[in-house]
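K.L.:
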Amino acid sequence: MVRLQAFACDHCAVPLPPGHRFPMEKYLLLREAVMAADLIPPVCVVVPRPATDEQILRAHDRDYLEKVTTGCLTTQEVRRIGFPWSPGLVQRARCSVGGTISACRAALRDGIAVNLAGGTHHAFRGHGEGYCIFNDSVIAVRSMQQEGRIARAVILDGDVHQGNGTAAIAAADPTIFTLSIHGERNFPLRKERSDLDVALPDGTGDRPYLAAWDASVRRALRMGLSCGPPRVDLAIYLAGVDPYEDDRLGRLALSKTGLAQRDARTFELCRDAGVPVATVMAGGYARRVEDTVAIHLQTVCLAAECVRDGYPGKGSSSVAAADSLGTSGGAPGRDRDATWDSLNGPRSGPPSHGSFGLPKAGV
Ligand SMILES: [Zn+2]
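So the sequence shown is numbered by our numbering: it starts at 8 and just counts up by one.
1) Helix, strand or coil: how does DSSP classify L36 here?
2) Spatial neighbours of R315 within its chain, please: CB distance less than 6 angstroms, with the 5 preceding and 5 following residues excluded, ordered by chain position.
3) Closer than 8 angstroms: is that where the CB of H168 sits relative to any heavy atom of ligand 1?
4) Cα separation between S201 and S187?
5) Are the CB atoms of T173 and S144 within a distance shorter than 9 angstroms?
6) Using 8 angstroms as the threshold, is the segment 156 to 172 in touch with the segment 220 to 240, meaning 3 or more CB pairs across them?
7) How is the beta strand (DSSP E) around Q12 delimited, first residue to last?
8) Would you identify the three-state DSSP class for T306, choosing helix, strand or coil?
9) Please classify P57 as buried or exposed, where buried requires at least 16 other C-beta atoms within 10 Å of its C-beta.
10) Measure the Cβ-Cβ separation of L163 and Y216 and say whether it is below 9 angstroms.
11) A285: buried (16+ other C-beta within 10 angstroms of its C-beta) or exposed?
12) Given this structure, state the Cα-to-Cα distance separating E61 from H168, to the nearest angstrom.
13) Helix, strand or coil: which one does DSSP assign to L232?
14) Is the closest heavy atom of ligand 1 to the C-beta of A289 under 8 angstroms?
15) Quick one: is L196 buried, meaning 16 or more other Cβ sit within 10 Å of its Cβ, or exposed?
16) Using 10 angstroms around the beta-carbon of G26, count the other beta-carbons present and answer buried if the total reaches 16, otherwise exposed.
17) A219 and L207: beta carbons closer than 9 angstroms?
18) DSSP three-state call for G212: helix, strand or coil?
19) Using only alpha-carbon positions, find the residue among K74, Q268 and G137 that is nearest to S371.
20) As a quick exercise: from N193, P181, A271 and R258, pick the residue whose alpha carbon is nearest that of D221.
21) Is there at least one non-hydrogen atom of ligand 1 closer than 8 angstroms to the beta-carbon of L256?
22) Whole angstroms are fine: how far does the CA of C19 sit from the CA of K33?
23) Which same chain residues, not among the five before or five after R226, have their C-beta less than 7 angstroms away from its C-beta?
24) In this structure, how does DSSP classify D204 when only helix, strand and coil are distinguished?
25) I need the boundaries of the alpha helix (DSSP H) containing S103, first residue and last residue.
26) Taking A100 as the reference, which of L37, H189, M42 and C139 has the closest Cα?
27) Could you check where the beta strand (DSSP E) with D164 kicks off and where it finishes?
Take a look at the structure:
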């Protein structure tokens with residue numbers, strides 16, 4: 008039986024000051040919830056390898072990467088990102104990108120896979136903002152292209168905030184189609200131009216949202232063309248849960264059921280188009296972190312059901328052939344990533360990475 012692969016990097020501890028508004032604990036809680044859930048088939052939770060410099064440079068300037076890794080960002084640049092700089096933050100950012108890269112490889116093999124982090128769509132080529140340091144989606148797409156696995160990809164961004172960094176980095180790249188559906192009055196104030204933007208008014212609820220999402224995803228899967236579209240090889244779905252009605256930073260009014268319907272519809276449309284989907288979590292800032300985790304969990308459960316039902320991937324043979332092309336980090340995917348189960352059991356983290364300890368709840 009094929010098991011859904013889910014990639015988790017909450018072992019990378021990010022020290023945040025008390026009262027910081029970003030709910031970092033959601034990643035640990037989500038991974039625990041996924042491992043505790045009685046999913047059929049069970050989810051295989053995997054620790055991704057951190058993204059390498061070579062991979063990150065596919066979407067970012069070398070200057071910026073060096074400033075991030077050496078802690079030489081200016082006070083203003085750090086403030087724009089929204090997290091205090093630390094070595095742990097950099098390692099976490101690399102692992103989160105690594106999770107999306109691994110999820111793309113797994114999706115191409117199994118049809119669908121999940122990164123329990125990722126969706127850092129506010130990261131631009133030369134700066135970060137809005138809790139985003141590296142743009143995992145563009146890095147992952149270009150890594151798949153570099154490895155010879157895909158030619159074209161769509162990025163389906165359902166986070167309530169516009170995917171401005173993604174839009175800017177991919178603007179001149181005809182091989183990546185970017186869709187962003189977001190609150191028109193939400194961050195970022197100054198929007199970039201995606202290939203397809205849908206800006207929704209405050210308070211938009213399930214019905215109009217889902218109608219807009221459905222039509223937009225259909226169009227994105229045709230790369231925006233009405234006839235003779237080129238084949239899309241991969242979708243990255245940012246399943247942000249901040250359109251939720253009780254989100255602190257969202258301005259829309261989707262119910263939990265509405266968000267589950269969005270997930271289901273996305274998987275259905277991609278399946279019908281024969282396009283594998285790597286799903287990443289993106290934003291979620293509900294007043295109760297339990298709600299954020301529960302909505303992310305329903306995304307993972309739906310993905311697991313899709314895999315159970317035989318979601319079409321590219322097939323193991325074509326991926327095996329692509330594997331032989333190699334990557335900067337050696338053999339890709341399942342062979343090199345380690346499962347949480349195989350390392351330390353379901354309730355604890357993997358071996359510590361240098362100075363990075365086990366995850367802490369409530370940071
Ligand atoms: Zn967001």
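Positions of the beta carbon are idealized from the N, C-alpha and C atoms, including for glycine. Computed from a predicted model, the values in this text were never measured in an experiment.
P.N.:
Once the coordinates are examined:
1) Residue 36 sits at position 29 when you count from the first residue of the sequence shown. Residue state, collapsed to three classes: helix.
2) As a working mapping, residue 315 is identified with position 308 in the sequence shown. Residues P48 of the same chain have their beta carbon placed closer than 6 angstroms to that of R315, with the five preceding and five following residues left out of the count.
3) What you label residue 168 is simply residue 161 of the sequence shown in a count that begins at 1. H168 Cβ: within cutoff of ligand 1.
4) For this step, residue 201 is matched to residue 194 along the sequence shown. For this step, residue 187 is matched to residue 180 along the sequence shown. Annotation: S201 to S187 spans about 7 angstroms, alpha carbon to alpha carbon.
5) Stepping through the sequence shown from its first residue, residue 144 is reached at position 137. Stepping through the sequence shown from its first residue, residue 173 is reached at position 166. With contacts defined by Cβ atoms closer than 9 angstroms, S144 and T173 form a contacting pair.
6) Contact holds: three or more Cβ-Cβ distances are below 8 angstroms.
7) Residue numbering aside, residue 12 sits at position 5 when the sequence shown is read from its first letter. Q12 -> beta strand (DSSP E) spans Q12 to F14.
8) As a position in the sequence shown, residue 306 is number 299, starting the count at 1. Here T306 sits in helix by DSSP.
9) In the sequence shown, the residue the question calls residue 57 occupies position 50. With 16 or more other CB atoms across the displayed protein chains lying within 10 angstroms of its CB, P57 is buried.
10) Here residue 163 refers to the residue found at position 156 when the sequence shown is read from its first residue. Here residue 216 refers to the residue found at position 209 when the sequence shown is read from its first residue. At the C-beta level, L163 and Y216 stay beyond 9 angstroms of one another.
11) The count along the sequence shown starts at 1 and reaches residue 285 at position 278. A285 should be labelled buried.
12) Stepping through the sequence shown from its first residue, residue 61 is reached at position 54. Stepping through the sequence shown from its first residue, residue 168 is reached at position 161. Distance between the alpha carbons of E61 and H168: 28 angstroms.
13) Within the sequence shown, the letter at position 225 stands for residue 232. Residue state, collapsed to three classes: coil.
14) Residue 289 sits at position 282 when you count from the first residue of the sequence shown. When distances are taken from the beta-carbon of A289 to the heavy atoms of ligand 1, the shortest one is below 8 angstroms.
15) Numbered from 1 along the sequence shown, position 189 holds the residue referred to as residue 196. Exposed: under 16 other Cβ atoms inside 10 Å.
16) The count along the sequence shown starts at 1 and reaches residue 26 at position 19. Under this definition G26 is an exposed residue.
17) Walking along the sequence shown from the start, residue 219 turns up at place 212. Walking along the sequence shown from the start, residue 207 turns up at place 200. Yes.
18) Here residue 212 refers to the residue found at position 205 of the sequence shown. Here G212 sits in coil by DSSP.
19) Coverage of the chain is limited to positions 8 through 370, which leaves residue 371 absent and any answer about it impossible.
20) Locating residue 221 in the sequence shown gives position 214, counting from the first residue. Looking only at N193, P181, A271 and R258, the smallest Cα-Cα distance to D221 is reached by A271.
21) Against the sequence shown, residue 256 aligns to sequence position 249. Within the chosen limit of 8 angstroms, ligand 1 reaches the beta carbon of L256 through at least one heavy atom.
22) Within the sequence shown, residue 33 is the residue found at index 26, counting from 1. Within the sequence shown, residue 19 is the residue found at index 12, counting from 1. Answer to the nearest angstrom: the Cα atoms are 13 angstroms apart.
23) Indexing the sequence shown from 1 puts residue 226 at position 219. When the five nearest sequence neighbours on each side are left out, the beta carbons in the same chain lying within less than 7 angstroms of the beta carbon of R226 are those of L203, in order along the chain.
24) Locating residue 204 in the sequence shown gives position 197, where the first residue counts as 1. In this structure, DSSP gives D204 an extended state, which the three-state scheme calls strand.
25) Stepping through the sequence shown from its first residue, residue 103 is reached at position 96. Looking at the DSSP string, the run of the alpha helix (DSSP H) that includes S103 is P94 to D117.
26) In the sequence shown, residue 100 corresponds to position 93, counting from 1. For the residues L37, H189, M42 and C139, the minimum Cα distance to A100 belongs to C139.
27) Position 157 of the sequence shown, counted from the start, is the residue given in the question as residue 164. Start and end: A160 to D164.
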